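Working notes for the structure below.
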RNA sequence: GGGCGGUUAGCUCAGCGGUAGAGCACUACGUUGACAUCGUAGUGGCCACUGGUUCGAUCCCAGUACCGCCCA
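Residue numbers (our numbering): -3 to 1021.
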């Protein structure tokens, strides 16, 4: 059955994709020769909730190109595929799904266990979407090894790493100011916060000095002239977040700020609150900004937090997990009384400070933005706003009036938003788990500095260094349910420090038991904690804690309960039972697990070893780790690349990958970020449906120059679809000429005698060398460009045309063999970039031992290039180009055959002519050929080593031909001028390398030779008219 | 404010010491033994600006302007 005119991508891709998957062409080690070197790539695991976007398509195309290239070379390849559980994103999706049906219970109503089983259910149903989309793209992963960060050995690996790092002191728990997402009610890391400029306001408040004090406030201009002098009883502060003033711990001014020097150390009344705070100095306030005085709210601002720590100020938390003003704890009067005691020096601790709710009653329970409005209104009402005189005119009476209005500046402010929730992030003082990154960052920096891991483009290394050198502790706990739960358990601290053994039986008596349970007793103490892989292992630690305690506590059974509340209840129950029964065997010691889960990036940070079976020393781990190359977006260099480096080095003391290839974000044709709101999202599946996966892949490869932005243009994709069609039709032409009959795959080219055949074999070798070199250096664009130029520009534009007359001559047989081989090589070389169309052509042409995906990558070298053939073909193609160009310029109709006269021919040109006459005649549309002088009314063509004339008496417009020649002369003159200028400069000959000088000289000779021929032609024209 | 990068044909980008290339778009012509998802010929550029280094700079260095991205 003859081939169709075009490749039917929609039909063929599905069929070929199934074939590859059924035959497991991408399984680890497929097509590897014995003892082959390993080549491995870890896919950046897409979110299990996700679907394929252009970024994925781009990223995975590049990975697949490398994998296919190495696999065809017989290397032992692994492309590890899988998905990420994506804590927040997945929890969000499942909650949203549940909310669609009002009859469903909410997450909180159904509880942790039931919710998690819903998430798993959802994952089973829709988690495979993106994997199937990768298959449509043609990705040749090892599908049987598909991993998931919540399945298989991954949970164990994550827990083991946590425990190890905990034991090494690399993970700690602490109360820190973290980014709090009030929507998801969890901490998030710095990287999950997007700072966006929004319209905001700056309010100015007066904090009145305590004790009726006043001071002289002076403002000076740059020359030191006093511009303002007034007696003040207040200090003016500016804020964009008025509601936080309720938690202020101080007002800070810069130590060099002379305006406030008289009042540093004095107290001010905190408006709306019944307490006083000090005026302190700190380097943080900028004296030139606003009033130069800053209110310090340590629990709700990152800068203030640092100031508060330096000045040892209490940090009062004002909000709850949803971002509402606190409504818990003691009444305001009680809390504020205690705060005053603390301010006066009463000893306290972090936990007590955190437990004090200093939100006055009227603001309690309000949303933070509601509270803001109310605080502003109340301050205005109290006359504590900084005001300005405003003149108004009454329209009816036309009378002017002056009155004071609060100063509120409208100004853009940077506001933090959650990258998932899109709500305003609240800095919040909470207990969280941290990785002490400062302790593990060193190895990660060194590995890149000493080249164990190479990041490209190199600018990526600079970014990497800059971030790691300034790294902050990594907050790894999330108050979510979907994720790896932190392997830390807590138990009540029952250490009995005042035990008196009245009975001499070394056992607790009833009074002592009551002490344990009683108000303010042991159960109120801070809990003990232990970290271990599971509850059985952790129970050992708690038994060790219990061992030194008096009977019967030392014999208590350790049991796990849900939380501290349940633990206290169970312990009480248990002790009460004991008191009656005196049977210690029933005594239980309850422990509970930390409810938080780990940041998703903590587990994906272990992706390279986790997917290879670690902590078991599997054969895959030995073979494929460290992995060869990581291809990922530059936007996740911090999230993921740097963390994988730190984690792998900390855990297995080896780099996770040898090369990191970073690429930019895929944008639309205009360079805009693709976003749903802009409506400029291009769905790669739509592109595949319209143009085929190969066209998309080729476009991706061609765009992949190092460092640039990636602008996706469907017109360009269409162009590469056309490129596929071009190759298709070259093969179809071959088929129509019987080229494939009896042809079987051959590693080496056929012996050829016709110059065109010899030449194209050499061009094929050049293309191979270029593709190899380009892919070796990750220049996918160069590889694509070289293939495009070879297949279209050499094979189709010239070779196929040359072959047509050759098919009729004595060299028909070798031409068929050569064409088959060249097209074969084209399929092979293109296969990594365009796998579908090439696999399809492969199966419809010739006799094949293996699928193309497993066909051996060629190894022939540039020795196949024959310089004589190159020169000869250069003469032929130049001559044809010149004739065509001349014909077009003097408007010779395409259909008209012309005569050609050779005025002069060098020996080499004559030989070239003789061997290729039929090609030239055909492609330049020549009727007759003769040697001799130019007939009258000819146009002239000057080539190196030859001059030709085309007699066109009566057909040509003399003036037009003159203009044509003059134009060529002008171009030549410009070149000659430049070359002469250089050669006449003595410094050039003296300083430039010899070959450059020689080349310039030879070039000048050739140009002058051509110019002379053209001058002669012009003078001949002058004779005519 | 800090860091990284960009500025080359109408558009999107390569090139990065020997006076410019591709694809697309555009113009004219065109169905010759594969291909109109095509062919042939063509139009189009003080390589942002100012200095410096060099025999020679789009390319290296410094500065300026403008534009991105990331982090505060």
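Here a beta-carbon is modelled for each residue, glycine too, at the ideal position from N, C-alpha and C. Everything numeric in this text was worked out from a predicted model, so none of it was measured.
In this structure, residue -1 lies near residue 840, with their beta-carbon atoms less than 8 angstroms apart. With respect to the C-alpha of residue 937, the residue from 47, 484 and 882 having the closest C-alpha is 882. Its Cα nearest to that of residue 787, the residue 830 stands out among 809, 773 and 830. Only residues of its own chain outside the window of five on either side were considered, and among them 456, 658, 659 and 660 have a CB closer than 7 angstroms to the CB of residue 630, listed in chain order.
Going by DSSP, residue 896 is part of the beta strand (DSSP E) stretching over 894 to 901. Residue 52: member of the alpha helix (DSSP H) spanning 50 to 68, first to last residue.
By the C-beta density criterion, residue 384 is exposed, having fewer than 16 other C-beta atoms within 10 angstroms.
About 32 angstroms separates the CB atoms of residue 616 and residue 589; that is not less than 8 angstroms, and the two are not in contact. By a beta-carbon distance limit of 8 angstroms, residue 301 contacts residue 173. Their separation comes to about 4 angstroms.
8 angstroms or more divides the Cβ of residue 280 from the Cβ of residue 264. Here the alpha carbon of residue 28 sits roughly 15 angstroms from the alpha carbon of residue 136. Using a Cβ distance threshold of 8 angstroms, residue 489 and residue 521 count as a contacting pair.
Between the beta-carbon of residue 835 and that of residue 818 there is about 18 angstroms, and that puts the pair past the 8 angstroms contact cut. The alpha helix (DSSP H) runs of length 4 or more contained entirely in the segment 439 to 504 are, from start to end of the chain, 454 to 465. Looking at the backbone, the Cα of residue 335 and that of residue 299 are separated by about 22 angstroms. Secondary structure within the segment 601 to 631: the beta strand (DSSP E) runs of 3 or more consecutive residues, fully enclosed, are 623 to 629 (chain order).
Here residue 732 is exposed. Its C-beta has fewer than 16 other C-beta atoms within 10 Å. If you look at residue 588, you'll find it in the beta strand (DSSP E) that goes 584 to 589. The continuous stretches of alpha helix (DSSP H) do not include residue 924, which lies in the beta strand (DSSP E) extending over residues 922 to 927.
Per DSSP, the continuous beta strand (DSSP E) segment holding residue 527 begins and ends at 524 to 527. Here the alpha carbon of residue 186 sits roughly 34 angstroms from the alpha carbon of residue 131. C-alpha of residue 13 to C-alpha of residue 858: approximately 34 angstroms in a straight line.
In terms of Cβ geometry, residue 869 and residue 752 form a close pair [threshold 8 angstroms].
For the pair residue 813 and residue 748, the Cα-to-Cα distance works out to about 9 angstroms. When Cβ pairs closer than 8 angstroms are counted between the two stretches, the segment 602 to 612 is seen to touch the segment 140 to 156, the count reaching three or more. Taking 8 angstroms as the upper bound for CB-CB distance, residue 378 and residue 546 are not in contact here, some 59 angstroms apart. Two segments are said to touch when three or more pairs of C-beta atoms, one from each, lie closer than 8 angstroms; by this definition the segment 689 to 704 touches the segment 47 to 60. For residue 260, there is no enclosing alpha helix (DSSP H), as DSSP marks it with neither H nor E. Taking one beta carbon from each stretch, the segment 991 to 1003 and the segment 947 to 959 have fewer than 3 pairs nearer than 8 angstroms; the two do not touch. Note that the C-beta distance between residue 681 and residue 129 is below 8 angstroms. Around the beta-carbon of residue 929, fewer than 16 other beta-carbon atoms lie within 10 Å, marking it exposed. 198 is the residue among 460, 198, 903 and 746 whose C-alpha sits nearest the C-alpha of residue 406. Within the model, the alpha-carbon separation for residue 411 versus residue 191 is close to 5 angstroms. Distance from the CA atom of residue 115 to the CA atom of residue 105, rounded to whole angstroms, is 15 angstroms. Put simply, of 324, 604, 228 and 319 the residue whose alpha carbon is nearest the alpha carbon of residue 421 is 319. For residue 567, there is no enclosing beta strand (DSSP E); the residue is part of the alpha helix (DSSP H) that begins and ends at 560 to 577.
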